[in-house]
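S.K.: One structure, pasted below without further comment.
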Amino acid sequence: MNFDEAYFDRIFALFQEALKKKKRNLPSVSLIALKMNTPYTVLISTLISLRTKDDVTLAASERLFSLADNPEKMLSLSDEEIEKAIYPAGFYKRKAQNIKEISKTLIEKYDGKVPSTQEELLALPGVGIKTANLTLNLGFNIDAICVDCHVHQIANRIGWIDTKTPEESVDALESIMPRRFWIPLNELLVAYGQNVCLSISPLCSECPICKECPKKGLKYSR
Numbered sequence: 001m002n003f004d005e006a007y008f009d010r011i012f013a014l015f016q017e018a019l020k021k022k023k024r025n026l027p028s029v030s031l032i033a034l035k036m037n038t039p040y041t042v043l044i045s046t047l048i049s050l051r052t053k054d055d056v057t058l059a060a061s062e063r064l065f066s067l068a069d070n071p072e073k074m075l076s077l078s079d080e081e082i083e084k085a086i087y088p089a090g091f092y093k094r095k096a097q098n099i100k101e102i103s104k105t106l107i108e109k110y111d112g113k114v115p116s117t118q119e120e121l122l123a124l125p126g127v128g129i130k131t132a133n134l135t136l137n138l139g140f141n142i143d144a145i146c147v148d149c150h151v152h153q154i155a156n157r158i159g160w161i162d163t164k165t166p167e168e169s170v171d172a173l174e175s176i177m178p179r180r181f182w183i184p185l186n187e188l189l190v191a192y193g194q195n196v197c198l199s200i201s202p203l204c205s206e207c208p209i210c211k212e213c214p215k216k217g218l219k220y221s222r
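Be aware that the sequence shown starts at 1, since it is given in full-length UniProt numbering, and climbs by one per residue.
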């Protein structure tokens, strides 16, 4: 398969059209980035989103940011206030601690600003490669491939890559995908994975590339 710009232009356009027909919203972190486009709110909402459903992430982030939308204000809140705001996000108690620790670190080391390099972001409490790269994407408009479970699964299922972990998928996708697709990749495949190419029993009958998709690792579909 020839993974050139024309190929990815076609696939991205087909997926976008399929999502438009289903009238689905953008992923929660993307919606938050549109409303409150600061690196800090992107970083914190991405942290909240880990192992948490999209609707829960959106509501939790909006509650928290109505109380504090920068590191200084966040440190004025108690752990209990942050926990209450982001509940029922997964691991909300640990996330509340990380949010406080991140805010403190940003003030002490970065003059209250979010750093714009992957290395510095990964050094923050609770921040992994997915959170770091999505912050670079949506917070700074810096090219980086953000791979979550949806991106990892779909990219393998349709035959772009053959990897075992999301971390491996980052390197594999960087090697085949032109840079201009790196930022929109996560937003598109997360939405597509939530609405069409589901983890279990995907809606292949609604997918515009069904006939050309190898459906790797797939046993059941609709």
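Note that the Cβ used here is the ideal one computed from N, Cα and C, for glycine as well.
(1) Would you kindly work out how many angstroms separate the C-alpha atoms of K100 and K164, rounded to a whole number?
(2) Alpha carbon to alpha carbon, how far is F65 from K113?
(3) Rank L203, G217, N186, I209 by C-alpha distance to the C-alpha of S30 and give the top, closest one.
(4) For the alpha helix (DSSP H) that N137 lies in, which residues bound it at each end?
(5) Give me the Cα-Cα distance between L75 and Y110, rounded to the nearest whole angstrom.
(6) Excluding the five sequence neighbours on either side, which residues of its own chain have a C-beta within less than 6 Å of the C-beta of L134, listed in chain order?
(7) Look at the alpha carbon of L106 and the alpha carbon of M1, and state the distance between them as a whole number of angstroms.
(8) When you compare each of S103, E108, L136, K104 to E119 by their alpha carbons, which one comes out closest?
(9) Excluding five sequence neighbours on each side, which residues of the same chain lie with their C-beta closer than 7 Å to the C-beta of E167?
(10) Using only the alpha-carbon positions, how far apart do P214 and E83 sit?
(11) CB-CB under 8 Å to N156, same chain, minus the five flanking residues each way: which ones, in chain order?
(12) Look at the alpha carbon of K22 and the alpha carbon of E108, and state the distance between them as a whole number of angstroms.
(13) What's the C-alpha gap between D4 and M177?
(14) Looking only at its chain, what residues have a beta carbon closer than 6 Å to the beta carbon of F181, apart from the 5 residues adjacent to it on each side?
(15) My parser needs the alpha helix (DSSP H) runs of 4 or more residues fully inside the stretch 5-57; what are they?
(16) Rounded to a whole number of angstroms, what is the C-alpha to C-alpha distance between Q16 and S221?
(17) Just confirm the distance between the C-beta atoms of P202 and A18, as a whole number of angstroms; I'd bet it's less than 8 Å.
(18) Can you give me the Cβ contacts of I154 inside the same chain, cut-off strictly under 8 Å, excluding the 5 residues immediately before and after it?
(19) Can you give me the C-alpha to C-alpha distance between A172 and C149, rounded to a whole angstrom?
(20) Do you know offhand how far S28's Cα is from S49's?
M.R.: Taking the geometry as given:
(1) Looking up residue 100 in the sequence shown gives position 100. Looking up residue 164 in the sequence shown gives position 164. Computed Cα separation, rounded: 33 Å.
(2) Against the sequence shown, residue 65 aligns to sequence position 65. Against the sequence shown, residue 113 aligns to sequence position 113. Whole-angstrom Cα-Cα distance: 16 Å.
(3) By one-based count along the sequence shown, residue 30 stands at place 30. It is N186 whose Cα lies nearest to the Cα of S30.
(4) Start at 1 with the first residue of the sequence shown, and residue 137 comes out as number 137. That residue, N137, is in no alpha helix (DSSP H); it is neither H nor E in DSSP.
(5) To locate residue 75, count along the sequence shown from 1; it is residue 75. To locate residue 110, count along the sequence shown from 1; it is residue 110. Cα to Cα, L75 sits roughly 15 Å from Y110.
(6) Numbered from its first residue, the sequence shown carries residue 134 at position 134. For L134, where only same-chain residues beyond five positions count, the Cβ hits under 6 Å are T46, C146.
(7) Against the sequence shown, residue 106 aligns to sequence position 106. Against the sequence shown, residue 1 aligns to sequence position 1. The alpha-carbon atoms of L106 and M1 are separated by roughly 45 Å.
(8) On the sequence shown, residue 119 is found 119 positions in, with the first residue counted as 1. Selected option, being the one with the closest Cα: L136.
(9) Here the question's residue 167 lines up with position 167 in the sequence shown. Closer than 7 Å at Cβ, skipping near neighbours: I129.
(10) Position 214 of the sequence shown, counted from the start, is the residue given in the question as residue 214. Position 83 of the sequence shown, counted from the start, is the residue given in the question as residue 83. Near 44 Å, if we compare the C-alpha coordinates of E83 and P214.
(11) By one-based count along the sequence shown, residue 156 stands at place 156. Hits under 8 Å: D162, T163, S169, K216, G217.
(12) The count along the sequence shown starts at 1 and reaches residue 22 at position 22. The count along the sequence shown starts at 1 and reaches residue 108 at position 108. So the two alpha carbons sit approximately 46 Å from each other.
(13) Position 4 of the sequence shown, counting from 1, holds the residue named residue 4. Position 177 of the sequence shown, counting from 1, holds the residue named residue 177. Roughly 8 Å separates the two Cα atoms.
(14) The residue given as residue 181 occupies position 181 in the sequence shown. Closer than 6 Å at the Cβ level, and outside the excluded window around F181, lie F8.
(15) 5-22, 28-35, 39-49
(16) As a first step, residue 16 is located in the sequence shown; it is residue number 16 there, counting from the start. As a first step, residue 221 is located in the sequence shown; it is residue number 221 there, counting from the start. Going from the Cα of Q16 to the Cα of S221 covers about 21 Å.
(17) Taking the first residue of the sequence shown as position 1, residue 202 is located at position 202. Taking the first residue of the sequence shown as position 1, residue 18 is located at position 18. Wrong, their Cβ atoms sit about 12 Å apart, outside the cutoff.
(18) Along the sequence shown, one-based indexing puts residue 154 at 154. Answer for I154: L189, Y192, G193, C197, listed in chain order.
(19) In the sequence shown, counting from the first residue as 1, residue 172 sits at position 172. In the sequence shown, counting from the first residue as 1, residue 149 sits at position 149. Cα to Cα, A172 sits roughly 15 Å from C149.
(20) The sequence position of residue 28 within the sequence shown is 28, counting from 1. The sequence position of residue 49 within the sequence shown is 49, counting from 1. Those two C-alpha atoms are separated by around 8 Å.
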